[in-house]
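**Student:** Please find one structure pasted underneath; my questions will follow.
Residue numbers (the working numbering), protein chains in the order written: chain A, 556 to 784; chain B, 226 to 549.
Written as structure tokens, this is what we have:
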């Protein structure tokens with residue numbers, strides 16, 4: 556248990572002294588997770604809305620399928636991306652394997668099912684009476700959709716937070732396609748994994764605490780944005 | 226804080242706006258052609274390009290194209306002990322190159338080499354190294370340092386194997402079933418060595434795996450496997466460098482440290498561009514081979530970690546197969 560306490564002290568020390576290596580690693584973690592979540596959001600919020608508002612055959616099956624992919628293991632996505640971008644793979648010519656770029660691409664794939672699925676849930680969660688009232692007051696289809704989206708914004712925000720959480724906390728994909736290269740693709744989670752296998756548990760614990768602090772800051776920021784609206 | 230706040234807000238707003246737009250269109254059912262699903266999104270993140278600005282210092286330097294990075298896959302023990310971290314800046318400076326080091330088990334390192342995802346491998350798994358070279362994936366196997374494997378275990382030595390040679394120790398473990406043995410079980414160089422010992426002791430490895438509850442496969446790296454053996458009061462086969470680095474955290478002592486079988490040789494092998502046509506840095510790979518076997522670096526390897534751990538971690542052997 557001393558590791559925990561020492562880890563906490565070490566985390567404080569690393570933060571207070573602005574340890575350049577740790578700051579760079581934390582910065583990369585944040586950059587990759589934020590970028591991939593936002594990219595995924597730009598793709599998935601429209602897709603989710605589309606799935607919700609359109610009526611089509613196999614909609615339920617599609618939603619079940621999307622929800623199934625919430626549970627896809629990060630290493631499996633990692634393996635897929637690895638095989639695609641390996642020099643011997645179909646996209647090997649792009650020379651992207653073991654770069655932050657490919658880590659972002661992988662995380663977009665990882666986070667997308669969550670964002671699409673939870674957007675659908677968020678929109679479905681809007682009370683039926685909202686739609687009915689709007690319709691009875693003469694709102695057009697488009698106006699009703701706007702209203703539903705506005706009502707659902709908190710739930711959509713929750714989806715984004717969850718997606719970000721999955722992106723910043725995953726280790727399998729980052730290790731597999733990023734390679735944990737020092738000063739280039741090393742992020743907090745892969746650094747934790749490395750330091751643990753090296754036996755430096757205090758540093759591992761400290762890095763974990765820093766990751767949680769980042770998540771805390773992000774959540775506070777998002778909360779404030781929500782409350783302003 | 227303020228800036229970030231604004232930035233996130235704008236982007237979130239943008240995303241929501243896009244959502245509204247598509248939803249609005251689709252809900253009214255006016256258009257059937259959906260303009261959604263933006264494929265092939267190229268992330269706007271630019272990777273840091275290696276600084277290839279200064280002119281090459283010596284003639285054997287192969288300057289790399291600006292985007293290419295020289296990649297090395299190494300066995301974890303050379304990385305976790307910090308040896309690679311110590312040598313990397315020297316090599317980068319000498320040859321003006323950006324080196325990416327991937328720390329893996331030897332099994333995975335070979336796989337990366339075969340796929341052309343790394344230009345060179347530094348590993349410790351002789352049988353598979355020879356196969357890697359004879360299959361033409363590797364150019365040549367060049368040993369550059371060695372140390373020894375150890376069988377470590379609880380100080381009480383429940384199976385009574387202390388001081389035996391490794392084959393006899395394994396025979397006794399099998400015969401008595403006393404004392405847990407934790408295997409890496411991950412196709413690493415250490416795991417490969419363990420299999421060799423079982424074979425030399427006269428056992429079929431597949432039978433060993435089924436021998437009983439005393440034989441545990443961790444599937445983990447060397448450090449975590451040592452921790453597992455420690456928790457289970459069991460034995461494990463460990464490379465000396467990792468054991469020494471972990472010793473302070475463990476209640477495990479060397480039980481078997483004699484026997485020619487326990488020699489642990491680290492080699493460097495350049496990936497063969499004639500077989501693996503996608504690798505492009507063979508010149509730099511050759512530079513690394515001559516770097517690691519050069520007298521100055523050999524001396525540094527021999528001294529590495531001696532002060533910190535009070536023991537020589539690696540014995541240099543400049544291109545020659547050491548004799549136990």
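Heads up, the beta-carbon is just placed ideally off N, CA and C, and yes, glycines get one too.
Less than 8 Å between the beta carbons of residue 344 of chain B and residue 296 of chain B, yes or no?
**Tutor:** Looking up residue 344 of chain B in the second chain gives position 119. Looking up residue 296 of chain B in the second chain gives position 71. Going by C-beta atoms, residue 344 of chain B is nearer than 8 Å to residue 296 of chain B.
**Student:** Could I get the ranges of all uninterrupted alpha helix (DSSP H) runs contained in the region 481-545 of chain B, with 4 residues as the minimum, in chain order?
**Tutor:** With a minimum length of 4 residues, the continuous alpha helix (DSSP H) runs that stay inside the region 481-545 of chain B are 507-518, 520-528 and 531-534.
**Student:** How far does the beta strand (DSSP E) with residue 460 of chain B in it reach, from first residue to last?
**Tutor:** Translated into positions along the second chain, residue 460 of chain B becomes position 235. First-last of the beta strand (DSSP E) with residue 460 of chain B: 460-464.
**Student:** Less than 8 Å between the beta carbons of residue 422 of chain B and residue 379 of chain B, yes or no?
**Tutor:** As a working mapping, residue 422 of chain B is identified with position 197 in the second chain. As a working mapping, residue 379 of chain B is identified with position 154 in the second chain. It is not a contact, given that the beta carbons lie outside the stated cut-off.
**Student:** Taking only beta-carbon atoms, is residue 647 of chain A less than 8 Å away from chain B?
**Tutor:** In the first chain, the residue the question calls residue 647 of chain A occupies position 92. So yes, residue 647 of chain A belongs to the interface.
**Student:** Pull out every residue of the region 733-753 of chain A whose Cβ sits closer than 9 Å to any Cβ of chain B, in chain order.
**Tutor:** If the cut-off is 9 Å between Cβ atoms, the region 733-753 of chain A has 734, 735, 736, 737, 738, 739, 740, 749, 751, 752 and 753 near chain B.
**Student:** If you draw a straight line from the alpha carbon of residue 721 of chain A to that of residue 332 of chain B, how long is it in whole angstroms?
**Tutor:** Translated into positions along the first chain, residue 721 of chain A becomes position 166. Translated into positions along the second chain, residue 332 of chain B becomes position 107. C-alpha separation (whole angstroms): 29 Å.
**Student:** Could you check the C-alpha separation between residue 399 of chain B and residue 560 of chain A for me, to the nearest Å?
**Tutor:** Along the second chain, read from residue 1 onward, the residue named residue 399 of chain B stands at position 174. Along the first chain, read from residue 1 onward, the residue named residue 560 of chain A stands at position 5. Roughly 42 Å separates the two Cα atoms.
**Student:** Mind pulling the chain A residues with CB within less than 9 Å of residue 327 of chain B?
**Tutor:** Reading the second chain from its first residue, position 102 is the one you call residue 327 of chain B. Simply 653, 734, 735 and 736.
**Student:** Can residue 305 of chain B and residue 375 of chain B be called in contact, C-beta distance under 8 Å?
**Tutor:** Stepping through the second chain from its first residue, residue 305 of chain B is reached at position 80. Stepping through the second chain from its first residue, residue 375 of chain B is reached at position 150. Against a cut-off of 8 Å, the Cβ pair of residue 375 of chain B and residue 305 of chain B comes out as no contact.
**Student:** So which residues on chain A does residue 503 of chain B lean against when the C-beta distance must stay under 8 Å?
**Tutor:** For the purposes of this step, residue 503 of chain B is taken as the residue at position 278 of the second chain. Within 8 Å Cβ-Cβ: 642, 643 and 647.
**Student:** Which residue wins for smallest C-alpha separation from residue 323 of chain B, given the options B:409, B:406 and B:315?
**Tutor:** Walking along the second chain from the start, residue 323 of chain B turns up at place 98. When each option's Cα is compared against that of residue 323 of chain B, the closest is B:315.
**Student:** Taking the alpha-carbon positions, what's the residue 576 of chain A to residue 569 of chain A distance?
**Tutor:** Start at 1 with the first residue of the first chain, and residue 576 of chain A comes out as number 21. Start at 1 with the first residue of the first chain, and residue 569 of chain A comes out as number 14. Each residue's alpha carbon lies about 10 Å from the other.
**Student:** Output, in sequence order along the chain, the residues in the region 454-471 of chain B whose CB is closer than 7 Å to any CB in chain A.
**Tutor:** Per Cβ criterion, the list reads 470 and 471.
**Student:** Go ahead and pull the three-state DSSP assignment for residue 286 of chain B.
**Tutor:** On the second chain, position 61 is the one that residue 286 of chain B refers to. In this predicted model, residue 286 of chain B has a pLDDT of only 46, less than 50, meaning its place in the structure is not dependable; the value taken from the coordinates is given anyway. Three-state DSSP puts residue 286 of chain B in coil, outside helix and strand.
**Student:** Return the chain-ordered ranges of every alpha helix (DSSP H) run that is complete within the region 586-658 of chain A and spans a minimum of 4 residues.
**Tutor:** Here the runs fully enclosed are 614-623 and 629-640.
**Student:** Tell me the rounded alpha-carbon separation between residue 442 of chain B and residue 336 of chain B.
**Tutor:** Here residue 442 of chain B refers to the residue found at position 217 when the second chain is read from its first residue. Here residue 336 of chain B refers to the residue found at position 111 when the second chain is read from its first residue. Distance between the alpha carbons of residue 442 of chain B and residue 336 of chain B is about 22 Å.
**Student:** Do residue 341 of chain B and residue 363 of chain B have their beta-carbon atoms positioned less than 8 Å apart in this structure?
**Tutor:** For the purposes of this step, residue 363 of chain B is identified with residue 138 of the second chain, where counting begins at 1. For the purposes of this step, residue 341 of chain B is identified with residue 116 of the second chain, where counting begins at 1. Against a cut-off of 8 Å, the Cβ pair of residue 341 of chain B and residue 363 of chain B comes out as no contact.
**Student:** Any idea what DSSP makes of residue 372 of chain B, helix, strand or coil?
**Tutor:** Start at 1 with the first residue of the second chain, and residue 372 of chain B comes out as number 147. Strand, per DSSP.
**Student:** With distances taken Cα to Cα, identify the nearest neighbour of residue 656 of chain A among A:672, A:728, A:780 and A:770.
**Tutor:** Against the first chain, residue 656 of chain A aligns to sequence position 101. Measuring from the Cα of residue 656 of chain A, the nearest candidate turns out to be A:728.
**Student:** Could you pull the start and end residues of the alpha helix (DSSP H) that residue 750 of chain A belongs to?
**Tutor:** Here residue 750 of chain A refers to the residue found at position 195 of the first chain. 743-753 is the extent of the alpha helix (DSSP H) around residue 750 of chain A.
**Student:** Kindly indicate which three-state DSSP category residue 573 of chain A falls into: helix, strand or coil?
**Tutor:** Position 18 of the first chain, counting from 1, holds the residue named residue 573 of chain A. Here residue 573 of chain A sits in coil by DSSP.
**Student:** Once DSSP output is grouped into helix, strand and coil, what is the label at residue 674 of chain A?
**Tutor:** As a first step, residue 674 of chain A must be located in the first chain, where it is residue number 119. Three-state result, residue 674 of chain A: helix.
**Student:** Is it true that the region 737-757 of chain A meets the region 694-706 of chain A, where meeting means three or more beta-carbon pairs spaced less than 8 Å apart?
**Tutor:** Contact fails: fewer than three Cβ-Cβ distances are below 8 Å.
**Student:** Hey, would you say residue 370 of chain B sits closer than 8 Å to residue 334 of chain B, going by beta carbons?
**Tutor:** Taking the first residue of the second chain as 1, we reach residue 370 of chain B at position 145. Taking the first residue of the second chain as 1, we reach residue 334 of chain B at position 109. Against a cut-off of 8 Å, the Cβ pair of residue 334 of chain B and residue 370 of chain B comes out as no contact.
**Student:** Give the DSSP bridge partners of residue 442 of chain B, in chain order.
**Tutor:** As a first step, residue 442 of chain B must be located in the second chain, where it is residue number 217. In DSSP, residue 442 of chain B forms a bridge with B:408.
**Student:** On the three-pair Cβ rule with 8 Å, is the region 591-610 of chain A touching the region 667-682 of chain A?
**Tutor:** As far as the Cβ criterion goes, the region 591-610 of chain A touches the region 667-682 of chain A, which means the pair count is three or higher.
**Student:** Do we get a CB-CB distance below 8 Å when we pair residue 344 of chain B with the residues of chain A?
**Tutor:** Start at 1 with the first residue of the second chain, and residue 344 of chain B comes out as number 119. No, its Cβ sits nowhere closer than 8 Å to a Cβ of chain A.
**Student:** Under 8 Å between the Cβ atoms of residue 734 of chain A and residue 327 of chain B?
**Tutor:** Reading the first chain from its first residue, position 179 is the one you call residue 734 of chain A. Reading the second chain from its first residue, position 102 is the one you call residue 327 of chain B. Yes. Within cutoff.
**Student:** With three or more C-beta pairs closer than 8 Å as the rule, is the region 351-359 of chain B touching the region 505-517 of chain B?
**Tutor:** No, the region 505-517 of chain B is not in contact with the region 351-359 of chain B.
**Student:** Quick one: which chain A residues come within Cβ less than 7 Å of residue 500 of chain B?
**Tutor:** Taking the first residue of the second chain as position 1, residue 500 of chain B is located at position 275. Those do not exist, as residue 500 of chain B stays about 12 Å from chain A at its closest Cβ, beyond 7 Å.
**Student:** On a Cα-Cα basis, can you pick out the residue from B:462, B:432, B:387 and B:427 that is closest to residue 414 of chain B?
**Tutor:** Locating residue 414 of chain B in the second chain gives position 189, where the first residue counts as 1. With distances taken between Cα atoms, residue 414 of chain B lies closest to B:462.
**Student:** In terms of residues, what are the limits of the alpha helix (DSSP H) holding residue 393 of chain B?
**Tutor:** Counting from 1 along the second chain, the entry for residue 393 of chain B is found at position 168. Segment 391-401, the alpha helix (DSSP H) holding residue 393 of chain B.
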